[in-house]
Every structure is written in structure tokens, then in C-alpha cells.
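Student: For the sequence shown, the working numbering begins at 138 and goes up steadily by one.
Got a structure here, written out as C-alpha cells. Questions coming.
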Amino acid sequence: MHPPLPFNARAARALREKLGMAPGHVAYAMRASFDMSYIAPEHVAAWERGTHLPSANELIALAGALWCHPSELMGRPGTLREHRIARGISPEDVARGTGLSIAAYHAMEETGQWTGDKGQSLRLGSVLGLPPRDYIAITGLEDELARLLTEAVSTRWQAHVRAIAKLLSMDRRELRDPLNAMQHEYQALMAATLSRAGGTTASGEDGRSYIDDIVNRFWARLPDHS
């Protein structure tokens, strides 16, 4: 059983009021157009109060009744399933677009673990229109990104920009300034800690903390892509 979808109750109410609809009007639209005969005004009111959460099918129908995209009613999606629903794409379309069987794709949604190969992962990012941060998280590539970033800041970032750009499907030019800044930041930190500690191994604590959080530091420098 899937956990409840992230739902933005405030947005649902605001969208309804903007359309000049009452909860009863929304409920009627869901019954008439989406074959949800059990939906009553009380359901809509409870969702807007945040006391109940709509199921995936109910959220999609609610979006249809409110003439909006499912993503407008959701909080930030985190799982593969949530990203698919937020974009209003069927499992069949994702499976077809990535070259997976529908059974294989369903299994990945059920387990929450993406197990596609590199080519399928790239196609998934394209089909769902995933920004780099979500793409890396969903496809389980955070450890690989952390490894490449660590090597970039601790040696020469120029030697690693191509691999990082390929992993993220980004233009290398967009990565030059962030990687250059992070390398200088890390090297300055290490120089300062070495000076304070007189060159002992204890001086690496600040550097280790930086590396432990290196992926988040990287995303913070890419606000337009995170």
C-alpha cells in the first residue's frame, strides 16, 4: 500500500475559490466527469481542512474538477510514483517511454526503487521532465555524484566537469562556476584548519564535514536546476 500523496490543502481551497465554486460544485464535477459516485461535498471540505487526504485517483479527479494540473495540488514530490502523478502521466506511458515492460515499471513504483539501466534512467528523466536534483535522487545516483564532487573539489575540478555534466545531463558551462567556487571554498577551509591544528590529522574535521554535505552544497549553488 502506498503512503498518502503530498497534498496542498491550501492550494486546493484557493483554486476552488478562484473558480467561484463551492465544495458541492467540485464534488458534482468529480462524480459526473470522473465516475466517483461516492464523492460528497464533505470529502472536498475535509481535504481542504487537511483532516483527510485524497487518494491518487481522487487527487487526479480533483485536479480535473478544478481545471488545474495535479502538481498544483501536491507538495514537493519525492518518490517515482509521486513525480509521475504530479505530471499527469500514466504508468503505461512511462514504461513505454523508458523501454520497460509495464510489469517491471509497476514493480519499481511498488518498491520505490528505480532499477533501470543508464539509458532507461536518462529516458525516465526526459519523460518525467525531472530537474537534476530529482533525477539524481530517484535514480539512486547520489553516491556517484558525491564521489565525483569530492574528487572535483579535492583535486582539479576541470578534470571532472565532463563526468558530472554527463551524469546530470547538463551543459558543462553551467557547472564551471559552481565547481570552481566549491573547490576554492574547500581548499581554503582545509588550509585554515591545517594552520590552526599545526598540520595534525585532527585538522581534517571541517573538511570531512564539508564532504559529508557536499551534494547539498552543490544543489544550493544550482537554484535554477534543483
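Cβ atoms here follow ideal geometry from the backbone N, Cα and C, with glycine treated the same way.
Keep in mind it's a predicted model, so treat the numbers as computed, not measured.
Anyone know if the C-beta pair for R358 and P315 falls short of 8 Å?
Tutor: Taking the first residue of the sequence shown as 1, we reach residue 358 at position 221. Taking the first residue of the sequence shown as 1, we reach residue 315 at position 178. The answer is yes: Cβ separation under 8 Å.
Student: Buried or exposed for T292, going by 16 or more other Cβ atoms inside 10 Å?
Tutor: What you label residue 292 is simply residue 155 of the sequence shown in a count that begins at 1. Answer is exposed; the Cβ neighbour count stays below 16.
Student: Quick one: measure Cβ to Cβ for T276 and L261, integer angstroms, because I've assumed they're closer than 8 Å.
Tutor: Here residue 276 refers to the residue found at position 139 when the sequence shown is read from its first residue. Here residue 261 refers to the residue found at position 124 when the sequence shown is read from its first residue. That pair is a contact at about 7 Å.
Student: For I222 and A193, which I take to be in contact (beta-carbon distance under 8 Å), what is that distance rounded to the nearest angstrom?
Tutor: Translated into positions along the sequence shown, residue 222 becomes position 85. Translated into positions along the sequence shown, residue 193 becomes position 56. About 6 Å separates the two Cβ atoms, so the contact holds.
Student: Between H189 and the rest of its own chain, which residues show a CB-CB distance below 8 Å, the 5 nearest in sequence each way excluded?
Tutor: Residue 189 sits at position 52 when you count from the first residue of the sequence shown. Around H189: H180, A183.
Student: Enumerate in chain order the residues of its own chain whose CB-to-CB distance from R299 is below 7 Å, with the five nearest sequence positions on each side excluded.
Tutor: Here residue 299 is taken as the residue at index 162 of the sequence shown, counted from 1. R309.
Student: Who are the near neighbours of M327 in its chain, counting only those whose CB is closer than 6 Å to its CB and skipping five residues on each side?
Tutor: Along the sequence shown, read from residue 1 onward, the residue named residue 327 stands at position 190. Result list for M327: G344, in chain order.
Student: Looking at the structure shown, is W356 part of a helix, part of a strand, or coil, going by DSSP?
Tutor: Reading the sequence shown from its first residue, position 219 is the one you call residue 356. W356 falls in the helix class under three-state DSSP.
Student: Looking only at its chain, what residues have a beta carbon closer than 6 Å to the beta carbon of M167, apart from the 5 residues adjacent to it on each side?
Tutor: Numbered from its first residue, the sequence shown carries residue 167 at position 30. The answer, listed in chain order, is M173, I176, A198, A202.
Student: W204: buried (16+ other C-beta within 10 angstroms of its C-beta) or exposed?
Tutor: Residue 204 sits at position 67 when you count from the first residue of the sequence shown. That one is exposed.
Student: My output table needs one value for H220: the three-state DSSP class, helix, strand or coil.
Tutor: By 1-based counting over the sequence shown, the position of residue 220 is 83. If DSSP states are grouped into helix, strand and coil, H220 belongs with the helices.
Student: Among L305, E322, A200, which residue has its Cα nearest to the Cα of I351?
Tutor: Locating residue 351 in the sequence shown gives position 214, counting from the first residue. Per the Cα distances, E322.
Student: Taking the alpha carbon of W356 as the reference point, which residue from Q295, E342, A296, P268 has its own alpha carbon closest?
Tutor: Position 219 of the sequence shown, counted from the first residue, corresponds to residue 356. Minimum Cα distance to W356 is reached at P268.
Student: Check D230 in the structure and name its three-state DSSP category.
Tutor: The residue given as residue 230 occupies position 93 in the sequence shown. Correct three-state label for D230: helix.
Student: If the criterion is Cβ atoms closer than 8 Å, does the pair H206 and P228 meet it?
Tutor: Within the sequence shown, numbered from 1, the residue matching residue 206 stands at position 69. Within the sequence shown, numbered from 1, the residue matching residue 228 stands at position 91. Going by C-beta atoms, H206 is not nearer than 8 Å to P228.
Student: Determine the direct distance from the alpha carbon of T235 to that of S258, and round the result to whole angstroms.
Tutor: Within the sequence shown, numbered from 1, the residue matching residue 258 stands at position 121. Within the sequence shown, numbered from 1, the residue matching residue 235 stands at position 98. Their backbone Cα atoms lie some 8 Å apart in a straight line.
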